[in-house]
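Chains A, B, C and D are the protein sequences, given in the same order. Here this note's numbering = 1-based position in the first sequence + 3. Here this note's numbering = 1-based position in the second sequence + 3. Here this note's numbering = 1-based position in the third sequence + 3. Here this note's numbering = 1-based position in the fourth sequence + 3. First the structure, in the form of structure tokens, and then the observations on it.
There are 4 protein chains.
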Amino acid sequence: MTHNRDAYSFTFPFRVRYAEVDAQGIVFNAHYLTYFDTAITEYLRADGFDYGAEAEKTGIDFHVVKTLVEYAAPVRFDENVDVGVRIDRVGNSSLTFELGVFGEGQSEPRVTGEVVWVYTDQASHETVRVPDRFRRLADAQN
Amino acid sequence: MTHNRDAYSFTFPFRVRYAEVDAQGIVFNAHYLTYFDTAITEYLRADGFDYGAEAEKTGIDFHVVKTLVEYAAPVRFDENVDVGVRIDRVGNSSLTFELGVFGEGQSEPRVTGEVVWVYTDQASHETVRVPDRFRRLADAQN
Amino acid sequence: MTHNRDAYSFTFPFRVRYAEVDAQGIVFNAHYLTYFDTAITEYLRADGFDYGAEAEKTGIDFHVVKTLVEYAAPVRFDENVDVGVRIDRVGNSSLTFELGVFGEGQSEPRVTGEVVWVYTDQASHETVRVPDRFRRLADAQN
Amino acid sequence: MTHNRDAYSFTFPFRVRYAEVDAQGIVFNAHYLTYFDTAITEYLRADGFDYGAEAEKTGIDFHVVKTLVEYAAPVRFDENVDVGVRIDRVGNSSLTFELGVFGEGQSEPRVTGEVVWVYTDQASHETVRVPDRFRRLADAQN
Chain A
4 MTHNRDAYSF TFPFRVRYAE VDAQGIVFNA HYLTYFDTAI TEYLRADGFD
54 YGAEAEKTGI DFHVVKTLVE YAAPVRFDEN VDVGVRIDRV GNSSLTFELG
104 VFGEGQSEPR VTGEVVWVYT DQASHETVRV PDRFRRLADA QN
Chain B
4 MTHNRDAYSF TFPFRVRYAE VDAQGIVFNA HYLTYFDTAI TEYLRADGFD
54 YGAEAEKTGI DFHVVKTLVE YAAPVRFDEN VDVGVRIDRV GNSSLTFELG
104 VFGEGQSEPR VTGEVVWVYT DQASHETVRV PDRFRRLADA QN
Chain C
4 MTHNRDAYSF TFPFRVRYAE VDAQGIVFNA HYLTYFDTAI TEYLRADGFD
54 YGAEAEKTGI DFHVVKTLVE YAAPVRFDEN VDVGVRIDRV GNSSLTFELG
104 VFGEGQSEPR VTGEVVWVYT DQASHETVRV PDRFRRLADA QN
Chain D
4 MTHNRDAYSF TFPFRVRYAE VDAQGIVFNA HYLTYFDTAI TEYLRADGFD
54 YGAEAEKTGI DFHVVKTLVE YAAPVRFDEN VDVGVRIDRV GNSSLTFELG
104 VFGEGQSEPR VTGEVVWVYT DQASHETVRV PDRFRRLADA QN
């Protein structure tokens with residue numbers, strides 16, 4: 004399940020902010036979920052997707068139902084990292100993203116994770132089928 | 004402008020979270036604004052004010068227009084502090100809160116600040132007169 | 004793996020801060036990890052454990068190696084929730100906490116999760132055996 | 004005291020993260036202090052200054068003693084903004100930064116602020132003279 008940098012066709016860069024490190028001088032565990040959320044937004048933007056506008060137009064929106072983070076090695080203040088994003092699985096109504104955090108010039112991830120979305124109709128509150136554009140995006144990358 | 008603990012008839016307690024300290028082991032400067040925002044919410048709740056419900060009912064809401072923080076001494080991980088809140092000034096459409104952060108058993112503040120709100124009609128976007136309840140609250144405390 | 008409120012002998016209360024909610028008015032997914040971290044600190048404190056002091060005295064410290072959050076239902080601004088903490092498993096050098104977030108008067112969790120620590124000698128950087136006090140704590144609760 | 008974009012020879016770009024907006028869909032007031040802190044780091048880096056290394060080498064370090072933010076207009080999720088940084092005043096031991104947050108293609112700031120540092124000898128805890136490099140930097144920009 005853990006992929007090296009080569010497996011990611013999309014990465015997004017972050018430079019660690021002082022506000023993000025804890026008393027050990029390393030990124031506090033919760034902030035990786037903010038990096039993941041931001042990197043997914045940029046991954047979808049790179050494919051031409053504007054999720055605010057889409058949700059409004061279609062009346063369907065996603066909810067985060069699961070997040071997983073595995074911390075292999077710390078990331079320090081001021082470090083540049085790249086966060087790789089790929090779609091790991093597309094279910095009927097769920098979309099699973101896989102993420103990896105890479106130090107500069109490094110192939111093995113320091114931190115890896117998973118974020119699972121479920122698509123829901125905002126009026127009926129029922130789950131709906133994942134839009135085809137994400138199915139195409141998943142197919143294109145494998 | 005800086006008051007001791009005695010000047011505050013309302014204080015709200017915080018225990019510093021690990022997520023709130025930086026690499027020096029002290030509360031990162033931005034987080035005091037979160038303490039201030041939370042303490043003001045509790046100060047108004049203690050007076051029976053539910054601002055979410057009020058904004059919806061009356062169509063008027065406030066905006067934060069200014070925040071000021073002065074840092075006299077640091078606060079460390081796991082410390083218990085009390086944040087005092089008082090209304091400093093009521094203008095025509097503005098409300099100025101004064102805040103002080105006190106260590107356990109200490110009279111002099113470690114950190115002090117100011118938060119200024121302006122009241123606005125949500126439909127017309129024009130400033131409106133500060134509700135009388137806040138004028139009464141300000142009068143009662145002095 | 005998901006327990007109801009009855010399974011937790013320790014819970015710690017949070018009132019959702021405005022700074023913690025997102026544009027949907029619900030707690031942003033990353034902030035649950037801050038709640039979890041804070042609740043674990045309080046759980047261990049309730050057992051008489053001061054981890055800052057312990058780490059300094061013994062030269063061993065833990066690292067977070069995994070976090071998992073499952074979001075069943077949202078939590079809104081100003082809500083009071085209780086976060087339950089229990090030790091789920093004690094391995095040789097790892098400690099797994101299970102967490103549940105409960106609305107007021109509710110038995111089923113809105114959010115559940117897992118946090119895994121590994122104990123390490125700070126000088127040699129090698130993993131070490133989980134201290135006996137945590138083994139006793141785990142035994143006591145089951 | 005409020006300058007337009009032209010007055011800033013250095014700006015640093017931010018794209019607003021979803022984690023940074025509140026229930027009104029706008030950047031929560033505290034997060035501007037994180038933007039300011041990050042922008043100052045980048046401003047000094049652009050001048051060749053690495054403050055972590057400097058503090059260690061020289062034994063002098065700064066403390067934030069004051070922050071001020073004035074909010075003229077909100078910034079929304081996903082917006083690109085530029086944060087301008089300039090040195091406003093150099094006192095004997097204090098350094099005052101002025102900051103402005105600009106929307107794309109806009110000359111007038113949405114948000115402005117001030118961050119004041121004081122330089123201290125880490126051993127004696129006494130204030131010390133601001134390093135000459137900052138005096139030169141201040142002179143160069145005016």
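Every residue, glycine too, gets a C-beta built ideally from N, C-alpha and C.
Taking the CB atoms as reference points, tell me whether D:Val104 and D:Arg113 lie closer together than 7 Å.
Yes. Within cutoff.
Which bits of chain A does D:Thr44 rub up against, with CB to CB less than 7 Å?
Listed along chain A are Tyr21, each with a C-beta nearer than 7 Å to that of D:Thr44.
Where A:Asp40 meets chain D, residues with beta-carbon distance less than 8 Å
Around A:Asp40, the beta-carbon contacts reaching into chain D at under 8 Å are Arg20, Tyr21, Ala22.
Check each residue of the stretch 47-62 of chain C: if its Cβ is closer than 7 Å to any Cβ of chain A, include it; give the result in chain order.
Look at the stretch 47-62 of chain C: it has no residue with a C-beta under 7 Å from a C-beta of chain A.
Pick out whichever of D:Glu73, D:His66, D:Phe80 has its Cα sitting closest to the Cα of D:Val19.
Checking every option, the nearest Cα to that of D:Val19 belongs to D:Phe80.
For B:His34, go through chain D and note every residue whose CB falls closer than 8 Å to its CB, in chain order.
Residues of chain D whose Cβ lies closer than 8 Å to the Cβ of B:His34 are, in chain order, Ala33.
Taking only three categories from DSSP, how would you classify C:Arg8?
Three-state result, C:Arg8: helix.
Beta-carbon of D:Ala76 versus every beta-carbon of chain C: anything under 7 Å?
With 7 Å as the cut-off, D:Ala76 does not count as an interface residue toward chain C.
Please classify B:Glu23: is it buried, with 16 or more other beta-carbons within 10 angstroms of its beta-carbon, or exposed?
That one is buried.
In three-state terms, what does DSSP make of D:Phe13?
Three-state result, D:Phe13: strand.
Should B:Val68 and B:Ser96 be called a contact, given that it needs their Cβ atoms to be closer than 7 Å?
Their beta carbons are not under 7 Å apart, which means B:Val68 does not touch B:Ser96 by this criterion.
Between D:Val67 and chain B, is any beta-carbon pair separated by less than 7 Å?
It does; some Cβ of chain B falls within 7 Å.
Whole angstroms are fine: how far does the CA of C:Gly28 sit from the CA of A:Phe13?
Between A:Phe13 and C:Gly28, the C-alpha separation is close to 30 Å.
Whole angstroms is fine: what's the gap from A:Leu98's alpha carbon to C:Arg138's?
The C-alpha of A:Leu98 lies about 38 Å from the C-alpha of C:Arg138.
Going by the beta-carbon positions, is the gap between A:Leu71 and A:Glu117 smaller than 7 Å?
Their beta carbons are under 7 Å apart, which means A:Leu71 touches A:Glu117 by this criterion.
From C:Asp142 to C:Thr123, what does the alpha carbon distance come to, in whole angstroms?
The straight-line gap from Cα to Cα measures roughly 22 Å.
For C:Asp9, count neighbouring C-beta atoms within 10 Å of its own C-beta (all shown protein chains included) and say buried if the count is 16 or more, exposed if not.
With fewer than 16 other Cβ atoms inside 10 Å of its own Cβ, C:Asp9 counts as exposed.
Distance, Cα to Cα, C:Thr41 vs A:Asn83?
Annotation: C:Thr41 to A:Asn83 spans about 28 Å, alpha carbon to alpha carbon.
Any idea what DSSP makes of C:His34, helix, strand or coil?
The three-state reading of DSSP puts C:His34 in helix, counting H, G and I together.
Where the alpha helix (DSSP H) containing B:Val142 begins and where it ends:
Rather than Val, the amino acid found at residue 142 of chain B in this sequence is Asp. Counting along the chain, the alpha helix (DSSP H) containing B:Asp142 begins and ends at 135-144.
CA-CA distance, A:Ala58 and A:Asp64?
Looking at the backbone, the Cα of A:Ala58 and that of A:Asp64 are separated by about 5 Å.
Counting only beta-carbon separations shorter than 7 Å, does D:Gly148 have a partner in chain C?
Within the shown structure, residues of chain D are numbered from 4 to 145, placing residue 148 of chain D beyond reach of any answer.
Here's a check: name, in chain order, each residue in its chain whose Cβ is nearer than 7 Å to the Cβ of D:Arg92, leaving out the five neighbours to either side.
If the five residues before and after D:Arg92 are omitted, its C-beta is found closer than 7 Å to the C-beta atoms of Thr99, all from its own chain and listed in chain order.
In or out: B:Arg136 buried (at least 16 other Cβ within 10 Å) or exposed?
Here B:Arg136 is exposed. Its C-beta has fewer than 16 other C-beta atoms within 10 Å.
Nearest chain D C-beta to B:Val131 closer than 7 Å, yes or no?
Not one chain D Cβ lies under 7 Å of B:Val131.
Closest Cα partner of D:Phe39 within the set D:Ala126, D:Leu102, D:Val131:
Each of D:Ala126, D:Leu102, D:Val131 was checked against the Cα of D:Phe39, and the nearest Cα belongs to D:Leu102.
Neighbour list for C:Phe80 in chain D, Cβ cutoff strictly below 7 Å:
Those within 7 Å of C:Phe80 in chain D are Ala26.
Please report whether the beta-carbon of D:Val72 lies at a distance below 7 Å from any beta-carbon of chain B.
Chain B contact via Cβ: present.
Whole-angstrom C-beta distance between D:Asp50 and D:Leu140, which should lie under 8 Å
Contact flag correct, Cβ pair sits at about 6 Å.
Simplified DSSP state of D:Asp53, which is helix, strand or coil
The three-state secondary structure of D:Asp53, taken from DSSP, is coil.
Whether A:Phe15 touches A:Val86 by CB criterion (7 Å)
Yes, Cβ-Cβ distance for A:Phe15 and A:Val86 is below 7 Å.
By the three-class DSSP mapping on this structure, what secondary structure does A:Glu111 have?
Coil at A:Glu111, not helix or strand.
Three-state class that DSSP yields for B:Arg79 in the structure shown:
In the structure shown, the three-state DSSP call for B:Arg79 is strand.
What are the partner residues of D:Ser97, as DSSP defines its beta bridges?
Paired residue(s): D:Val121.
Against C:Phe37, what residues of chain A qualify as contacts under a CB-to-CB distance less than 7 Å, listed in chain order?
The question names Phe, but residue 37 of chain C in the sequence shown is Thr. Neighbours of C:Thr37 on chain A, chain order: Ala33.
Limits of the beta strand (DSSP E) - the one that C:Thr70 falls within:
Counting along the chain, the unbroken beta strand (DSSP E) around C:Thr70 starts and ends at 63-74.
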